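For the sequence shown, this note's numbering assigns the number 9 to the initial residue and increments by one for each residue that follows. Even glycine gets a Cβ: it sits at the ideal position worked out from N, Cα and C. The model shown is predicted, which means the values in this text are computed figures rather than measured ones. Presented below is the structure to which this report refers.
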Amino acid sequence: MSEAADRRYCGLIVLFVALVYSPCVAAVYGFSDDFTVFFGNSQSFVRWTYANGRPLLGLIRELTLHEVADVRTLSLFRAISLVGIIALSLTFYRRLRTIAEPGESAAFAIGIATLPSIQVFAAWALCMHMPYSAVTAAWAAIGAERAFSAWAESRKAFLAWWFFALGLMLVTSSIYQPSLAWYWTAAIVPVLDRRFRRDAVFRRNVLLTVGSGLVFLAACFVFQKAFFALTQVTPAGRVTLTNDPLSKLYWFMRIQLPLSLNLWNLMNPLSRIQSLAPACLAMLVVVAGICFGGKRRYRISCDSNQQAEGSKWRIISIQVTVLVLLILLTHAHWLLVEASPQNYRVIAALAASCCILVLWSIKEILAVMGMSARAARLVLMTIAILTLFHCQWSLQRYWITPYQLGYRYVVATLREGLTEQTQHIHVIRQGREDGIVSQQRIDNFSIPMSYHPWMIEGLLRAAMKDVRGQSGQIRVTHSATSEPSEIGDDGLLLDMRKLKWFRVNAQP
9 MSEAADRRYC
19 GLIVLFVALV
29 YSPCVAAVYG
39 FSDDFTVFFG
49 NSQSFVRWTY
59 ANGRPLLGLI
69 RELTLHEVAD
79 VRTLSLFRAI
89 SLVGIIALSL
99 TFYRRLRTIA
109 EPGESAAFAI
119 GIATLPSIQV
129 FAAWALCMHM
139 PYSAVTAAWA
149 AIGAERAFSA
159 WAESRKAFLA
169 WWFFALGLML
179 VTSSIYQPSL
189 AWYWTAAIVP
199 VLDRRFRRDA
209 VFRRNVLLTV
219 GSGLVFLAAC
229 FVFQKAFFAL
239 TQVTPAGRVT
249 LTNDPLSKLY
259 WFMRIQLPLS
269 LNLWNLMNPL
279 SRIQSLAPAC
289 LAMLVVVAGI
299 CFGGKRRYRI
309 SCDSNQQAEG
319 SKWRIISIQV
329 TVLVLLILLT
339 HAHWLLVEAS
349 PQNYRVIAAL
359 AASCCILVLW
369 SIKEILAVMG
379 MSARAARLVL
389 MTIAILTLFH
399 CQWSLQRYWI
409 TPYQLGYRYV
419 VATLREGLTE
429 QTQHIHVIRQ
439 GREDGIVSQQ
449 RIDNFSIPMS
459 YHPWMIEGLL
469 RAAMKDVRGQ
479 SGQIRVTHSA
489 TSEPSEIGDD
499 GLLLDMRKLK
509 WFRVNAQP
């Protein structure tokens with residue numbers, strides 16, 4: 009393909025990703041910890057960042073994290089995140105060129121960019137660093153692979169690329185340890201390459217890249233332990249090693265893997281059929297792609313047919329084993345530590361790996377069915393376009409509409425009720441069932457705006473800036489469900505449960 013055509017595909021990826029996430033940049037809203045950090049005690053959050061073993065992120069936040077002017081400023085942080093998502097999409101577009109045609113690679117990249125995990129990166133200002141740490145980890149895998157490819161020609165080039173990869177992994181660990189998993193997502197791509205079964209040298213280099221990743225993880229672990237030892241910072245529970253690995257493995261198989269295999273379908277934790285059925289279907293597609301697609305696509309050339317048959321199945325078993333190992337490694341951080349978070353942010357790399365496997369399997373199945381390359385490309389591009397529409401629908405429904413309306417309601421209530429005598433604001437928080445969106449989904453796709461108690465004070469400080477131009481010294485209290493017995497003449501009641509009046513009942 010010509011360089012001009014390649015640039016056109018890159019331009020289309022940039023255009024589509026920018027368009028689908030532009031409403032997040034244009035909208036005026038904040039979510040949960042956005043208010044706590046940007047309008048509350050930012051230094052406490054910086055200390056929490058260090059306690060989680062993220063010194064580089066902590067340093068960046070210590071130097072740059074100050075109370076922002078108003079909620080509109082959060083759009084700037086979401087724009088920064090959008091640039092990182094575009095960079096991540098282009099990274100995987102280039103990476104996937106070895107296993108797919110340019111149009112197919114573009115479809116893969118768009119599919120990754122529209123996953124629910126990436127939607128969280130784009131819609132939550134506090135997550136603006138996560139796409140960049142994902143890019144550094146992915147490039148670490150690319151660097152390690154290039155190191156072993158350069159081994160035969162230049163030892164200096166090998167060392168340069170290998171230590172470059174190690175440095176990127178240490179940087180990733182210093183920003184956000186779960187993003188180390190993107191190394192394995194990038195490492196999955198060459199395992200799906202037809203050369204993995206045909207070329208012994210290529211296969212050896214891929215396995216060495218995987219082995220180097222394990223070395224890099226060990227180096228990151230040592231680096232983190234050294235950081236805590238030298239700084240005397242008390243590590244948070246999220247970086248404490250687990251004492252029950254079997255329960256963590258069950259948690260991975262029951263929650264995290266199905267959540268990832270649901271791909272763009274937002275998982276309903278209250279319905280096993282609705283959550284597990286799409287995951288099982290995706291798993292069947294992957295198995296079919298590996299078995300039937302591999303039988304057609306890959307052949308081994310040997311002098312003896314008997315040797316070829318034996319070698320073929322041995323290499324297929326190696327390929328499947330490596331794929332399973334890489335899937336587990338994409339969640340290695342959370343399998344090793346005590347914490348068991350259930351959200352889309354921590355499965356981003358695992359979800360991207362599942363997306364690559366499913367789309368690659370669809371491509372292989374279509375080839376087995378005798379479909380032309382052009383028709384297969386059209387199918388994959390159609391899937392990508394549908395994910396773009398679904399992504400924007402999801403953003404509008406679960407993020408922009410509820411949180412923008414919620415913030416407007418708070419500002420309007422304060423403008424109407426605040427007087428010069430007001431010294432106290434009491435907030436009645438929303439329960440889980442009191443959101444503008446009634447459907448229950450995992451993670452941030454169904455959380456009512458005022459559900460988390462720790463963000464109430466920051467929310468009121470932000471709204472007061474819009475109403476009076478400054479946050480003021482008004483006392484803020486809150487309760488879960490019941491109204492206080494007495495507000496007093498100097499008090500104002502803010503009942504966030506009334507946001508149910510704006511409830512969105514439309515179905516997709």
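Under the three-state reduction of DSSP, Arg483 is assigned to strand. In summary, Glu112 is buried, with 16 or more beta-carbon neighbours lying within 10 Å of its beta-carbon over all protein chains present. Secondary structure remark: continuous beta strand (DSSP E) runs of at least 3 residues inside the stretch 110-184: none found. Looking at Trp192, Gly151, Glu11, Pro253, the one whose alpha-carbon comes closest to that of Phe172 is Gly151. DSSP, read as helix, strand or coil, puts Val36 in coil. Sorting Lys506, Met275, Leu394 by C-alpha distance to the C-alpha of Val418 places Lys506 at the top. Per DSSP, the continuous alpha helix (DSSP H) segment holding Gly221 begins and ends at 208-239. The residue among Glu109, Leu104, Leu84 with its C-alpha nearest the C-alpha of Cys135 is Leu84. Cβ-Cβ distances below 8 angstroms link Phe210 to Pro198, Asp201, Arg203, Phe204 in the same chain, with the five nearest sequence neighbours on each side left out; the list follows chain order. For Leu90, the enclosing alpha helix (DSSP H) has its first and last residue at 82-104.
Under the 10 Å beta carbon count, Glu11 is surrounded by fewer than 16 other beta carbons and is classified as exposed. Here Phe100 is buried: its Cβ has 16 or more other Cβ atoms, across all protein chains shown, within 10 Å. Cβ neighbours of Glu428 within its own chain (closer than 8 angstroms, five residues either side excluded): none. Two segments are said to touch when three or more pairs of C-beta atoms, one from each, lie closer than 8 angstroms; by this definition the stretch 59-73 does not touch the stretch 344-352. Per DSSP, reduced to three states, the secondary structure at Ile464 is helical. Per DSSP, reduced to three states, the secondary structure at Val25 is helical. For the options Ala87, Trp170, Gly119, Arg469, the alpha carbon positioned closest to that of Leu271 is the one of Gly119.
Around the C-beta of Glu161, fewer than 16 other C-beta atoms lie within 10 Å, and the residue is accordingly described as exposed. In the same chain as Ala392, and ignoring 5 residues on each side of it, the C-beta atoms closer than 7 angstroms to its own belong to Ala115, Ile118, Gly119, in chain order. Non-local beta-carbon contacts of Ala108 in its own chain, meaning distances under 7 angstroms to residues more than five positions away in sequence, involve Phe116, Lys371 in chain order.
No Cβ-Cβ contact shorter than 8 angstroms links Ile93 with Tyr17. Membership of Asp41 in any beta strand (DSSP E) is not indicated; the residue belongs instead to the alpha helix (DSSP H) covering 41-46. In this structure, Ala158 places its C-beta atom within 8 angstroms of the C-beta atom of Trp169. Under the three-state reduction of DSSP output, Leu269 falls in the helix class. Below 8 angstroms, too few C-beta pairs join the stretch 40-54 and the stretch 214-222 to call them touching: fewer than three.
Here Phe453 has Leu274, Tyr406 as same chain residues with Cβ atoms under 6 angstroms from its own Cβ, once five neighbours each way along the sequence are excluded. With the rule of 3 Cβ pairs closer than 8 angstroms, the stretch 184-191 counts as touching the stretch 124-144. Under the three-state reduction of DSSP output, Gly496 falls in the coil class, being neither helix nor strand. Considering only Met463, Ile183, Ala145, the residue with the shortest C-alpha distance to Phe39 is Met463. Residue environment analysis places Pro410 among the buried positions, since at least 16 neighbouring C-beta atoms fall within 10 angstroms of its C-beta. Using a Cβ distance threshold of 8 angstroms, Leu123 and Ala420 do not count as a contacting pair.
Here Ile433 really is in contact with Ile482; their C-beta atoms are around 6 angstroms apart, less than 8 angstroms. Contiguous alpha helix (DSSP H) elements confined to the stretch 384-468 occur at 409-425, taking only those with 4 or more residues.
Only residues of its own chain outside the window of five on either side were considered, and among them Gln429 have a CB closer than 8 angstroms to the CB of Asp497, listed in chain order. The DSSP-derived three-state label of Val76 is coil. Asp503 is bridged by DSSP to Ile436.
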